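In the UniProt record's numbering, the protein residues as written are 1 to 713. For glycine and all other residues, C-beta sits at the position ideal for the given N, C-alpha and C. None of the values given here were measured: they were computed from a predicted structure. In what follows, a structure is listed as structure tokens, so that the remarks can point back to it.
Below you can see the structure in the form of structure tokens.
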């Protein structure tokens with residue numbers, strides 16, 4: 001078996017670095033419990049504060065601004081009203097139905113540990129992400145005039161959480177919600193139109209029954225809007241009722257429920273993570289004219305319900321498209337939502353979906369051994385959504401960005417038809433600047449680890465499934481590892497070099513290589529490591545390396561041994577605090593770099609996100625807890641937590657023993673924060689090394705020797 005690293009000096013003949021080892025980074029499943037993990041949506045950081053009928057945990061709700069702007073242009077009170085009299089007929093009213101699966105977003109807040117809060121405390125808790133959104137709805141309702149209230153007919157089907165009154169499902173309209181909230185707790189009144197205490201909200205028959213109820217109640221009304229609320233997993237489905245384990249509503253079950261209910265709606269919304277995907281749109285198309293969803297994680301505060309309900313009541317003549325745009329703008333621009341990141345939301349005109357799907361076979365025709373390398377570049381270079389820190393994969397990629405990248409890397413490829421049809425389908429799309437490559441619609445990412453889950457029940461778009469199959473077929477033919485060789489293009493003009501690959505580029509010293517693979521490269525990265533006793537190499541971070549203009553030469557700068565450090569209060573010396581594992585993920589619209597770190601927060605698995613400016617300062621950080629999800633896998637939640645005083649943080653590292661060739665996860669010493677945490681970027685007082693790794697789609701990889709770190713001046 002090939003040893004992971006070997007030391008090489010300039011006195012040795014310089015061979016190409018090669019490897020045929022296909023370890024694929026298979027490590028023992030601890031502290032993580034699965035190689036494959038999924039993504040759920042995170043909550044807003046302020047969920048535990050706020051009064052019942054005041055501004056709520058997520059603060060005031062303010063509508064949107066033009067695309068690209070982050071400055072709100074209106075307040076709640078400025079929503080103009082067209083209403084001067086009550087509606088003359090039902091056709092002037094809007095039916096708005098919300099299917100809310102509370103789950104752990106409602107019942108497990110403090111601490112986030114998989115145990116229901118009410119079970120831990122022994123008393124009722126009025127807190128929860130679902131309850132907060134119901135409060136926002138009531139805030140809007142109480143602000144409406146009597147005439148305005150008559151223009152909206154709103155029904156909520158809520159339940160599915162381990163709380164008093166949240167087992168099963170209850171149907172409530174606005175007057176009932178207002179009555180239910182009088183004691184500060186939802187779910188314990190008797191005003192409900194229907195109550196089914198044994199129902200599983202993740203079962204298709206429960207969704208079907210609610211949709212049939214909505215169909216009956218909305219007969220004759222002019223506009224119909226249905227929204228599904230909870231965790232979302234794109235093509236894998238959504239939601240889970242915590243009374244029934246890890247069950248989800250699959251896309252196939254969702255399709256069955258809508259077909260059986262025979263309900264046609266003007267707009268179908270998903271206040272859930274990752275549901276802005278091509279596969280979900282294909283399920284929605286027969287039943288809705290428009291769809292509003294996010295292709296990325298949605299923060300737990302979700303949509304801006306106060307503004308949305310006011311807009312529906314005060315603007316009864318607004319078009320459905322305008323309503324969709326208001327959903328997007330109020331979600332992106334609300335000052336209360338600025339603390340959370342990775343926000344995207346888009347409006348799809350589902351009448352334009354078929355031309356997009358029909359254009360996909362043009363892409364499938366490109367999958368040949370000769371074209372695989374540029375196609376792989378397009379896949380790996382596209383904006384990723386639903387990223388996994390430990391597994392280093394993504395649930396989806398942005399379809400528009402992918403089409404753009406295909407043309408960028410293969411000038412002969414024709415993607416104009418797909419791009420044109422996508423512009424007709426995605427009629428409105430915005431992000432908060434953290435996802436600059438997203439254009440409004442994602443699709444299965446072609447990640448190999450996710451292929452078993454992308455089966456006939458979820459691959460609702462056959463042309464993309466066919467493309468994926470052909471892509472896997474060609475990619476699986478790659479049995480050779482990438483080849484790394486020293487490049488002569490930028491050699492240092494010195495009589496004596498430390499390494500054969502030493503060079504200077506753009507005034508910076510480092511290493512130059514030519515890197516090639518017979519079917520193309522999936523990734524090239526520079527990895528930073530600690531070297532401990534007995535040949536143990538512990539990776540603490542990485543940066544992506546992009547090729548130079550020639551497409552084959554790569555430059556890795558010398559590393560001076562500085563890295564991130566987290567201290568209990570101000571860092572007094574170099575040995576204070578803990579060094580995180582921080583792996584490069586991407587860049588924001590403002591050019592800030594985003595890193596992700598697997599860790600434990602108060603004993604719970606998390607993904608820690610770090611946003612870094614050009615001076616290596618951490619400008620924002622948030623932790624997304626992971627819980628046990630479908631089939632026992634760890635899944636990120638909707639919660640975005642801030643690391644603070646009183647927390648205990650333990651980082652997780654990928655470690656490799658050069659003597660035994662064992663690879664495993666290693667934990668840092670726990671950092672107990674008795675003071676507010678302080679981040680630093682400083683020299684790490686350890687034995688440090690770094691190397692470059694090139695990997696192909698099949699998982700074959702090659703690594704350079706371990707380089708010594710340049711001493712700081």
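Within the stretch 526 to 614, the runs of beta strand (DSSP E) at least 3 residues long that lie entirely inside it are, in chain order, 536 to 544, 553 to 557, 562 to 568, 582 to 587, 593 to 601 and 604 to 612. Its chain contains 542, 543, 545, 556, 690 and 692 as the residues whose beta carbon lies nearer than 7 Å to that of residue 526, once the 5 sequence neighbours on both sides are disregarded; these appear in chain order. Considered as a whole, the stretch 111 to 193 harbours 117 to 121, 129 to 143, 146 to 149 and 174 to 180 as its complete alpha helix (DSSP H) runs of no fewer than 4 residues, in chain order. Looking at the DSSP output, residue 99 sits in a beta bridge with 157 and 228.
When C-alpha distances from residue 274 are compared across 382, 396 and 702, the shortest belongs to 396. Considered as a whole, the stretch 368 to 404 harbours 384 to 388 and 393 to 398 as its complete beta strand (DSSP E) runs of no fewer than 3 residues, in chain order. The C-beta separation of residue 82 from residue 317 comes to about 6 Å, placing the pair in contact by the 8 Å criterion. Residue 242 and residue 107 do touch by the CB rule: their CB atoms are close to 6 Å apart, below 8 Å. Residue 363 places its beta carbon 9 Å or farther from that of residue 450.
Within the same chain, and ignoring the five residues on either side of residue 470 in sequence, the residues whose Cβ sits closer than 7 Å to its Cβ are 364 and 367. For residue 638, the secondary structure class from DSSP, reduced to helix, strand or coil, is coil. The shortest CA-to-CA distance from residue 214 to any of 191, 597 and 258 is the one to 258. Per DSSP, the unbroken alpha helix (DSSP H) holding residue 328 starts and ends at 320 to 333. The residues 530, in chain order, have a CB closer than 6 Å to that of residue 686 in the same chain once the five nearest residues on each side in sequence are set aside.
Residue pairing of residue 207 in beta bridges, as defined by DSSP: absent, with no partner found.
Boundaries of the alpha helix (DSSP H) around residue 356: 353 to 364. When C-beta atoms of the stretch 672 to 679 are compared with those of the stretch 548 to 555, fewer than three pairs fall below 8 Å, so the two segments do not count as touching.
For residue 90, the CB contacts under 6 Å within the same chain, skipping 5 residues up- and downstream, are 220 and 221 in chain order. Selection 442, 684 and 505 evaluated against residue 577 yields 684 as nearest (Cα-Cα). Residue pairing by DSSP places residue 677 opposite 568 in a beta bridge. Take the alpha-carbon of residue 535 and the one of residue 227: they are about 55 Å apart. Per DSSP, residue 289 is one residue of the beta strand (DSSP E) stretching across 288 to 293. For residue 472, the uninterrupted alpha helix (DSSP H) segment begins and ends at 462 to 475. Your pair residue 87 and residue 151 checks out as a contact, with CB atoms roughly 6 Å apart and the cut at 8 Å.
The beta carbons of residue 704 and residue 513 sit closer together than 9 Å. Relative to the Cα of residue 422, the nearest Cα in the group 430, 410 and 441 belongs to 441. Non-local C-beta neighbours of residue 613 in its own chain, meaning closer than 7 Å and more than five positions away in sequence, comprise 592 and 619, ordered along the chain.
The three-state reading of DSSP puts residue 94 in strand, counting E and B together. Under the criterion of beta carbons closer than 8 Å, residue 79 and residue 311 qualify as touching, at roughly 6 Å.
Nearest to residue 709 by alpha-carbon distance, out of 519, 511, 575 and 581, is 511. Going by DSSP, residue 306 is part of the alpha helix (DSSP H) stretching over 305 to 314. Here residue 229 is near residue 272, since their CB atoms are less than 9 Å apart. Contact annotation: the stretch 330 to 339 does not touch the stretch 394 to 411, with fewer than three C-beta pairs closer than 8 Å. As the crow flies, the alpha-carbon of residue 270 is around 14 Å from that of residue 255. Going by DSSP, residue 420 is part of no beta strand (DSSP E) but of the alpha helix (DSSP H) stretching over 416 to 425.
The beta carbon of residue 320 sits closer than 6 Å to the beta carbons of 266, 267 and 290 from its chain, once the five residues preceding and following it are set aside; these are given in chain order.
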